[in-house]
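Asker: Would you mind keeping the following structure in view while I ask a few things?
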């Protein structure tokens, strides 16, 4: 019998259930239908379900995916390979349904690690979970099929107990409840052997049945021609498949008392929120009108195979320790610049805080917080010294280790590294001279927004300054003293959206400052509109390790007023850069009535480029040029 709970899940109302009863086949009826009309299928059916004759009890697990690669997918794969069921009988397939090209090497690597088949598809339509599942189901030549999800973690006995139930009665579809893990309960790759019970204890039961995640005979999927491919994006395709199984005469076998399933929490319909409302309504209307068992044409599950690119042999493995991955700040921007400027290499990032905002890498050549292999020699270890992240240099094997120094604070752990990397020669005072010092400038232009956003009501002429008032070194007190003497108003931009755990700025105490226009938490598109419009850029920092804001002004050919610190030490007295070393000199610079727009020689940006330095370290090439401080 179909339980009332499951009936409510599948049929969403009495009217639909009545329609189901009109079209329902009994188990006897379906066998009679096979025997009279589908003799060849009947033979296959007998072969597959025979309890004798040595039928192989193998299973195909189908995981559809699109544009998603993180710890959730890795945990899902690990849970399948952690099953107590004999692994040689478990065939795992990842169906990549039109993901961006940058995901391909990540999926290939994941499938290689978990003995899975990678199927890359370039569809002619939007995301279709039905078609993606059907591609894997159509290729399945095993006795059973389990349709899975890239966000779900299976209990280790899931497959073993499900197949045991089907051996007793093959005319069943095995289902179970779905328990939800809240966002934040899982933040990285999990040791499932030791921590599954802890995760289950945190979870909450949210669905009486995990629609779309079911295990049954492959034959039943093939006879019904899989999921209905008229369903697009998400919505009802999973319930429709279960409804058709019931109409075939199959029973639901609820094993929730014996097995469990965890869903790793995330935003609903992640990546498809704009498409979902339109397609969900369309799918719902179609669902309530469709009651046939066999759907799709005979070419269901058809796909045009795309051979994945060969993994380049010169891909290097780079490990980075930092505190923030994404967010607003100089360290976050430098990390994004390094990852995006070296798309041909593979990065392993360790950061306790991940912020999907601000300077978040757009390339997919990285892994976040996944365990490293102690038997592997990694090519390079990069330690972001700011805010002292966890040091990994003693736990794993690295060919070379470098520390990127912020240049404003004393660094006492340099003996742990082969090189210390600075972005201004004034930063050398933070070191004891125990290691070789290298000088490098991160990629600046690569992280500029492609489009600018206009800000209204700006003065015709203004000076620009960009800094967060984390401490006296940033120069807020200097700004307050000298701003009234500036010939042009000063537009001051700052941001307090991220990094609040470590850097406490006195934002609440900020009051109006004479001759200063304060802009708080504006977007990057708005910020760089100001760079385009400003008459000059002013840095009030007493000391800088690098100075991203000055670097941006240099890239935009803005006149610059600054101390000789950070990136300014690379400029070599260029016309357009006014250096001050006292408050009196600064006030004189601000009193100018006109600023001539310079045309800078930017060769230093490439000569000391961080990308070039890292590549030379990876390839063991000479780095003499980076060991000499700029004059």
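Residue numbers (my numbering): 78 to 708. Cβ coordinates follow ideal geometry from the N, Cα and C atoms, glycine included.
On the DSSP bridge list, what partners appear for residue 168?
Answerer: Beta-bridge pairing links residue 168 to 137.
Asker: Write down the C-beta distance between residue 236 and residue 269 rounded to the nearest angstrom, noting that I regard them as a contact closer than 8 angstroms.
Answerer: Between residue 269 and residue 236 the Cβ distance is about 14 angstroms, and since that is not below 8 angstroms, they are no contact.
Asker: Would you say residue 463 and residue 432 are within 8 angstroms of each other, going by their C-beta atoms?
Answerer: Cβ distance not < 8 angstroms, so residue 463 and residue 432 don't count as in contact.
Asker: Using the Cα positions of residue 482 and residue 622, report the straight-line distance between them to the nearest angstrom.
Answerer: Each residue's Cα considered, the two are about 8 angstroms apart.
Asker: Work out the CA separation of residue 328 and residue 322 for me, nearest whole Å.
Answerer: Near 8 angstroms, if we compare the C-alpha coordinates of residue 328 and residue 322.
Asker: Mind checking whether residue 647 and residue 614 have CB atoms under 8 angstroms apart?
Answerer: No, Cβ-Cβ distance for residue 647 and residue 614 is not below 8 angstroms.
Asker: Under 8 angstroms between the Cβ atoms of residue 409 and residue 435?
Answerer: Yes, the Cβ-Cβ distance between residue 409 and residue 435 is below 8 angstroms.
Asker: Pull up the distance between the alpha-carbon of residue 644 and that of residue 185, whole angstroms please.
Answerer: Approximately 40 angstroms between the Cα atoms of the pair.
Asker: Leaving out five residues on either side along the sequence, give the residues of the same chain with a beta carbon under 6 angstroms from the beta carbon of residue 718.
Answerer: The requested residue 718 does not occur in the structure, where the chain is confined to residues 78 to 708.
Asker: Helix, strand or coil for residue 393 per DSSP?
Answerer: Coil.
Asker: CA-CA distance, residue 207 and residue 304?
Answerer: The alpha-carbon atoms of residue 207 and residue 304 are separated by roughly 5 angstroms.
Asker: Which residue or residues does DSSP assign as beta-bridge partners of residue 431?
Answerer: According to DSSP, which records beta bridges pairwise, residue 431 is partnered with 402.
Asker: Would you kindly check if the distance between the Cβ of residue 377 and the Cβ of residue 218 is under 8 angstroms?
Answerer: Going by C-beta atoms, residue 218 is not nearer than 8 angstroms to residue 377.
Asker: Within 10 angstroms of the Cβ of residue 639, are there 16 or more other Cβ atoms? Answer buried if so, exposed if not.
Answerer: So residue 639 ends up on the buried side.
Asker: Buried or exposed for residue 107, going by 16 or more other Cβ atoms inside 10 Å?
Answerer: Per-residue confidence for residue 107 stands at a pLDDT of 47, beneath the threshold of 50, marking its modelled position as unreliable; the derived number appears in the next sentence. Residue 107 is buried by the Cβ-count criterion.
Asker: Closest to residue 181 by C-alpha separation, out of 603, 441 and 665, would be which residue?
Answerer: Residue 181 has its Cα closest to that of 441, out of 603, 441 and 665.
Asker: Would you decide whether residue 516 is buried or exposed? Buried here means 16 or more other CB atoms lie within 10 Å of its CB.
Answerer: Answer is buried; the Cβ neighbour count reaches 16.
Asker: Suppose you measure from the CA of residue 595 to the CA of residue 544; what does that come to, to the nearest Å?
Answerer: Distance between the alpha carbons of residue 595 and residue 544 is about 11 angstroms.
Asker: Enumerate in chain order the residues of its own chain whose CB-to-CB distance from residue 578 is below 8 angstroms, with the five nearest sequence positions on each side excluded.
Answerer: Low per-residue confidence applies at residue 578: pLDDT is 49, beneath 50, and the placement is therefore not dependable, though the value from the model is reported in the following sentence. Closer than 8 angstroms at Cβ, skipping near neighbours: 430.
Asker: Looking at the ligand COA, does it come within less than 7 angstroms of residue 662, judged from the CB to the closest heavy atom?
Answerer: Inclusion of the ligand COA in the displayed structure is not the case, the ligand content being empty and no account of it being possible.
Asker: Which same chain residues, not among the five before or five after residue 158, have their C-beta less than 7 angstroms away from its C-beta?
Answerer: 164 and 191.
Asker: Would you check if there are 3 or more beta carbon pairs closer than 8 angstroms linking the stretch 554–570 to the stretch 601–617?
Answerer: Judged by Cβ distances under 8 angstroms, the stretch 554–570 makes contact with the stretch 601–617, as three or more pairs qualify.
Asker: Measuring alpha carbon to alpha carbon, tell me which of 607, 249, 437 and 161 ends up nearest residue 533.
Answerer: For the residues 607, 249, 437 and 161, the minimum Cα distance to residue 533 belongs to 607.
Asker: In angstroms with no decimal places, state the Cα-to-Cα distance between residue 487 and residue 508.
Answerer: C-alpha separation (whole angstroms): 7 angstroms.
Asker: Please tell me whether residue 254 and residue 284 are closer than 8 angstroms, where the distance is taken between their beta carbons.
Answerer: Cβ atoms of residue 254 and residue 284: closer than 8 angstroms.
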